[in-house]
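Numbering (our numbering), first residue to last: 7 to 69.
Yeah, the Cβ is synthetic: ideal placement off N, Cα and C, and Gly gets one too.
Keep in mind it's a predicted model, so treat the numbers as computed, not measured.
As structure tokens, this is what we get:
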């Protein structure tokens, strides 16, 4: 009977070599809601009327 030796040789990687990305590209709903709320409040503080606010939203859309 022959014996088999399995040895795992692991190459050591530096923390600087690891990717910063988690890979999913997803954001939690609560984080998105907070960011959206802050954006709306910021825009509301810079206008005086509702039509002015609507124009700001329509003119600053990102496609």
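Taking the Cα positions, residue 58 is about 14 Å away from residue 47.
Look at residue 30 here: in three-state DSSP terms it is coil, with no helix or strand label. Membership of residue 24 in any alpha helix (DSSP H) is not indicated, and neither H nor E is assigned to it by DSSP.
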